[in-house]
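Residue numbers (our numbering), protein chains in the order written: chain L, 15 to 611; chain A, -10 to 275. Contents: one structure, followed by commentary.
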Amino acid sequence: MSANVAIASPRPARTGMLLGSLQFLVLLALAIILPFVANDYWTLIGTRAAIYWVLVSGLNLAVGFGGQLAIGYVALLTLGAYTASVLVAGNLGPAWPAFAALGASGVVGAIAGVIVGLPALRLRTFYFAMTTLGFATIVTQIALAWQSVTGGGIGVPGPVLPAPFDSSMGFYFFCIGLAALCTWMTANIAHSRFGRGLVAVRDAEVAAEAIGISKSRLLISVFLFSGAVASIAGGLFATLQSYITPDAFTFDLSVLFFIAILIGGRGSIIGPLLGTIILTVLPEFAAPLVAWSTFLYALLLLIIVLVIPGGIANLLDFANRRPLQSNRIIAPRPQALGALLNHGSAKDAIVLSNVVLAFGGVRAIDGLDLTIRPGQVHGLIGPNGSGKTTTLNVISGYYKPEQGSVVFGSTELDHGAPQSRARYGIARTFQTPRIIGEASVLQNVMIGGTIDGTATFVESLLSLPRHRRDERALREEAMQALRAVGLESLAEVRADRLQHSELRFMEIARALMLHPLFLLLDEPAAGLSADEIRRLGELITAISKCGTGVLLVEHHADLIFDICGHVTVLNLGKELAAGTPADIRAHKEVVSAYLGA
Amino acid sequence: MLESIIASGLAIGAVYALIGITYNTMFSASRVMSFTAGQLGMLGGVLGSLFILKLGLPSIVGFILTLAVCALVGVVTEIVAVRPVLSKLDQHLYVLSTLALALMIQQVTAIEWSTEPQPFPRLLGIGNGDPLDEKFWLPLVACAAVVIGLEFLYRRTLVGRAFLAISEDNFAARALGLPERNLRMASYAMAGMIGGIAGFASGELLLAFFANGGMLNFYGFVPVALGGLGNNRGAIIGGLALGLFQQAANFTLGGVFASVGVFVVFIAVLLAAPQGLFGAAASRRV
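Below you can see the structure in the form of structure tokens.
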């Protein structure tokens, strides 16, 4: 039966993708027809839109997918324009050929992109926005002051491309070609583990860490790419302008790029593309309003933020308006687990010894020893504030305990490094599900397998075989995980349309993507119906039967006593009792402190 | 030259400090950093010039009108760009909504006022361009007056304590029955006035120029970021230090190096201590 589902399921995904490419192909066809049906002026506007899109396509990965508020991207446009122009004009050493200069500006832009982007690794939203703004101001100031090279306020001529790209028509098609290439490349990234990882960093950073996504490596790759394309766009912009001065690079351009993405919608490619076209063309229809264009952009930004945060992409997303079946039942199929958890029987245990962690004056964990064995369901119970979740957070590396150690097999796990846990095969879920609401259920689950990918960023960019193999494998595994938890019928639905209980099972599916040796579950039964709790219990039992050790933090005593092989009771950060469920049920102090008579 | 560096450094530093306090005042009330802070400083200069030079009103009337309009802009910021966003799940939206409003303010000024720097009136007529000229010490006086006023407000008055309560613990303050929304609006009005004072007092130094908004936005934020969010003492120390550093670099090395220098120091310090030199560490996330 499962084979049946496997054949049927990819079909909606493929038609969806075809429909998606169709939108792009229609736009491309229109772009190709444009110079034959319109006059030179419109070809010029089209060229400008294409150049802007080359920049915006890269920026879109950082802003729309990664959620990094890089506002001052005009700095990279400026940098690229000047690099290309100065090299071609021969103001620095011998004159370069135009294409070599464009390539050089791409390299310079990639480096600058990382420098501008680096603060994003440590600084939060407003801070990062400010640093990109500061950078934009400085680049302009340097362009003004470094007269011997940039010509100062007088400027410098832009590079002229060799034939056949020196005519307006030739240049137009060159830019359109580059824009199409950028669209294709960013779409590849969007549909790769990198794109999903970016969205995870944006919407569920904590979960991204548990999955093993390295935010810094991911963002650096993206900033390299977006810096390079932004700078190349700058070089082309200089060609289009034919003469550049610092005045050409106003902050208005930054606003335009940024708003194009927001109008389009976060995490979409067609949206920002339409946004770029609209914003480039709009002033042409409102000639008297040209002076007010920045004001109108800003107004538009305000309206979008307040009224339609989803942007155009959201308006175009018809598939997710169809109502879902209302009385859905989650029916896990534990037999599907075998393919995911085929790591044989693991032998190493996770051992916590004498862990102490205090928040200010509160000793949340006060000298705890705990051993979680493979293939066993280990229950962790106790009253609120007894340190259950804190223990789980210490194991998964979010907290640094003041004392004590967490040892897995023969390696001591370092504290405060949650990204490292995925490599050890330690997966977890969260008390409140940490999900990406705008992504489909399938994508949410696929994110769980991010560290299994083998293709590099560049391979994904160019959709090379390893990237395609990764995608196929991840997709199949994710479907398998969804079948295991019983959500495969909802694979293509946006995650934020699911019920709470379904999200809990989805988080388990995501955790299963790591083929975990250990699975840490933080109150998975909270908010579930009695029926669902029973199925959850069966699922967890089946997971442990495959050799995976499960640490189960729960308040539902019935569930704990039904499925756990071993139970530890915490009180005030210390172990109050430990033993088999039968021991615990008979333990006097536990009964009086927690279970109640 | 040293006197010039100190005089202009302290003067411009006091302006940065005041803009920093403007940021902080809005932040305390709403946990929102607003891009309009610098624009308020710009408006202080432009409106002062408009009321006194263009319309020929007496200085004191011009000053009061400037403050009134800036307070109004503060309130509009709260209503248009802050309140709607506070209720949304995605709290980062405030960066965009306040940026949008700031751009709109700047653009309207550029179109309706002028894109060139316009003169600002002499307020008292003391000094003749030397380091003791009023244009250098007026910002310092304004900064001192604002700090003393704020201290008095926060420590001696009931309203001031209510402000503190809101900024300490919003939920608890609401549970006590404090009118959170009105207090927030009042905070924004006050922030508007502080920004207006900064611009008005520095009008003779920075002139009435629409592009001052963006400049003050950045340089006013630097002391806040270095001193820690919501920390006025940090903002004042950071602002004055920034002003002196910038002017020293300006006089000795030239404007571009001053800007680059400030930027590099700013990034370096932030990367080393993201919560600022006087700020508290971030809270738990999981």
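For each residue, glycine too, the CB sits at the ideal point set by N, CA and C. Since we're looking at a predicted model, the values are computed, not measured.
Nearest to residue i (by Cα), restricted to the options the options
i	options	result
L:F50	L:P173, L:G184 and L:T92	L:G184
L:D380	L:P171, L:N53 and L:L590	L:L590
A:V21	A:G33, A:A57, A:G63 and A:L42	A:G63
L:G120	L:G72, L:L287 and L:H570	L:G72
A:A(-4)	A:A70, A:P128, A:G51 and A:S248	A:P128
A:L215	A:G9, A:L29, A:A190 and A:G27	A:G9
L:L132	L:F149, L:L534, L:L116 and L:G117	L:F149
L:G393	L:N356, L:G117, L:D576 and L:C196	L:D576
L:I59	L:G78, L:E491, L:H601 and L:F187	L:F187
L:G241	L:V319, L:T92 and L:A201	L:T92
L:R448	L:I273, L:C189, L:I225 and L:G423	L:I225
A:E193	A:A262, A:W126, A:T241 and A:K77	A:W126
L:I465	L:R210, L:I227, L:A95 and L:D54	L:I227
L:A492	L:V459, L:I277, L:R518 and L:L566	L:V459
A:G217	A:V251, A:A262 and A:G188	A:A262
L:V295	L:L566, L:G579, L:Y66 and L:H601	L:Y66
A:A175	A:D122, A:C59, A:I94 and A:I49	A:C59
Chain-ordered chain A contacts of residue i [CB-CB under 7 Å]
i	result
L:F309	M93, Q96 and V97
L:A441	Result: empty, since nearest Cβ-Cβ is about 15 Å, beyond 7 Å.
L:V269	L92
L:A262	Per Cβ cutoff of 7 Å: no residues; L:A262 is ~16 Å from chain A at best.
Per-residue contacts from residue i into chain L (C-beta, under 9 Å)
i	result
A:M15	Going along chain L, no residue has its Cβ under 9 Å from A:M15, so there is no contact; the nearest lies around 12 Å.
A:A197	Residues of chain L passing the Cβ test: none, with the nearest at roughly 20 Å.
A:S156	The contacting residues do not exist; A:S156 stays about 17 Å from chain L at best.
Residue i burial status per 10 Å Cβ neighbour count (16 or more: buried)
i	result
L:Q349	exposed
L:D428	exposed
L:P173	buried
L:S474	buried
L:T446	exposed
A:G265	buried
L:F415	For the record, residue 415 of chain L in the displayed sequence is Pro; it is not Phe. So L:P415 ends up on the buried side.
A:G140	As written in the sequence, residue 140 of chain A is Glu, which differs from the Gly given in the question. With fewer than 16 Cβ atoms within 10 Å of its Cβ, A:E140 is classed as exposed.
A:L(-1)	buried
L:G123	buried
L:N368	exposed
L:E502	buried
L:S181	exposed
L:F299	exposed
L:V153	buried
L:P111	exposed
L:N398	exposed
A:V4	buried
Within chain L, the residues that residue i reaches when beta carbons sit closer than 7 Å
i	result
A:L260	P133 and R136
A:P73	L320
A:S(-3)	Those within 7 Å of A:S(-3) in chain L number zero; the least Cβ separation is about 19 Å.
A:I256	P133 and T145
A:P263	R136 and L137
Cβ distance (whole Å) where residue i is taken to contact residue j below 8 Å
i	j	result
L:G281	L:V213	6 Å
L:L550	L:P538	6 Å
A:P108	A:L196	7 Å
A:I183	A:T14	6 Å
A:G202	A:G37	Contact doesn't hold; Cβ gap of about 15 Å is too wide.
L:L553	L:V499	7 Å
L:S558	L:Q390	6 Å
Chain D contact for residue i (CB, 8 Å cutoff)
i	result
L:A525	The chain inventory of the structure shown lacks chain D, comprising the protein chains L and A.
8 Å Cβ cut-off: residues of chain L touching residue i
i	result
A:L90	A312 and L316
A:V84	L83, T139, F140 and A143
A:F207	M144, L147, G148 and T151
beta-carbon residue i near the ligand GTP non-hydrogen atom, thresh 7 Å
i	result
A:V136	Looking at this structure, you won't find the ligand GTP or any other ligand, since it has none at all.
Under 8 Å from the C-beta of residue i: neighbouring residues of chain A
i	result
L:V77	Residues of chain A passing the Cβ test: none, with the nearest at roughly 11 Å.
L:L276	L85
Exercise for the section: May I ask you to list, following chain order, the residues of the region 151 to 178 of chain L that have a beta carbon less than 9 Å from some beta carbon of chain A? Expected result: T151, I152, Q155, I156, L158, A159 and W160
Exercise for the section: Select from the region 135 to 147 of chain L all residues with a C-beta closer than 7 Å to any C-beta belonging to chain A, and list them in chain order. Expected result: R136, L137, T139, F140, Y141, A143, M144, T145 and L147
Exercise for the section: Select from the region 242 to 253 of chain A all residues with a C-beta closer than 8 Å to any C-beta belonging to chain L, and list them in chain order. Expected result: G243, G244, V245, S248, V249 and F252
Practice task
Using a Cβ-Cβ cut-off of less than 7 Å, list which residues of the region 211 to 230 of chain A approach chain L; keep chain order.
Solution key: A214
Problem - Positions along the region 18 to 34 of chain A whose CB lies within less than 7 Å of some CB in chain L - result: M22
Problem - Near-chain A residues of the region 321 to 337 of chain L (beta-carbon distance less than 8 Å), N- to C-terminal order - result: P323
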